[in-house]
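Chemist: For any residue, its number in the working numbering is found by taking its place in the sequence shown, counting from 1, and adding 21.
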Amino acid sequence: MCGSRSPAGPRRGERLVRPLRECGTPLVDGVAEMPYTAVADIHKDPVHPLAYHERNIVLRELGSDAMETLLRVAGSGSSCGDLMVEVRHLGGALSRPAEVPNAVGVREGACTLTTLSPPGSPDVVLGPMEPWSTGRRYLNFLAGADTADSTAECFDPETLGRLARVKAAVDPDNLFRLNHNIAPRP
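1) Hey, could you find the ends of the beta strand (DSSP E) Glu107 is sitting in?
2) If you draw a straight line from the alpha carbon of Pro143 to that of Val108, how long is it in whole angstroms?
3) So what does DSSP say about Cys101, is it helix, strand or coil?
4) Using a Cβ-Cβ cut-off of 7 Å (strictly less than) and excluding sequence neighbours within five positions of Arg2, which residues of its own chain qualify?
5) Could you tell me whether the segment 148-157 touches the segment 87-95, using the rule of 3 or more Cβ pairs below 8 Å?
6) Mapping DSSP to helix, strand and coil, what is Thr155?
7) How many Å lie between Gly34 and Ala204 at the Cα?
8) Starting from Arg76, trace the beta strand (DSSP E) both ways and give me its first and last residue.
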């Protein structure tokens, strides 16, 4: 945990994490005070090059029925061959209404559910979790050829239209298109 230099930082962090440690037997407990230079180690991502594609959906909730489904399709004994299945909590400042127009497309979501999969592997996790989806995807967690056309799923129609008009004004020839592209529209 990234605590302040005061002793209260680590103590407060330990107090906040204690309920998580007490709710069951952890498979891994990697929560600890660490220097900023170790921030890349937080997710334990592979350190060697690895081919993968990344898919995700934004969940409106993650109740017990959704958790049971997730554990069935991605847990021990499942056919899931994904390299990673990750749930990230949203909310806080991200969920507050914008004071000025912006392009945050996941305000209504409770969590993101992201998978990293070997190329060509089928989706065995996100499909069964669709009943809890907002219908949106999180742009930052899309990677791979099969996600190139997913940009429209990251924004509501009004925001996507506004972004397309901005693109038409600043890049009408769509020079910057080798990304999750938003095509220019008048």
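Heads up, the beta-carbon is just placed ideally off N, CA and C, and yes, glycines get one too.
Please read these numbers as outputs of a predicted model, since none were measured by experiment.
Modeler: The short version:
1) Taking the sequence shown and counting its residues from 1, one reaches residue 107 at position 86. Counting along the chain, the beta strand (DSSP E) containing Glu107 begins and ends at Met105 to His110.
2) Numbered from its first residue, the sequence shown carries residue 143 at position 122. Numbered from its first residue, the sequence shown carries residue 108 at position 87. Taking the straight line joining both Cα atoms gives about 19 Å.
3) The count along the sequence shown starts at 1 and reaches residue 101 at position 80. Here Cys101 sits in coil by DSSP.
4) Only positions 22 to 207 of the chain appear in this structure, which leaves residue 2 out of reach.
5) yes
6) By 1-based counting over the sequence shown, the position of residue 155 is 134. Thr155 falls in the coil class under three-state DSSP.
7) Sequence index remark: in the sequence shown, residue 34 carries index 13 (1-based). Sequence index remark: in the sequence shown, residue 204 carries index 183 (1-based). The alpha-carbon atoms of Gly34 and Ala204 are separated by roughly 45 Å.
8) In the sequence shown, the residue the question calls residue 76 occupies position 55. Unbroken beta strand (DSSP E) run through Arg76: His74 to Leu80.
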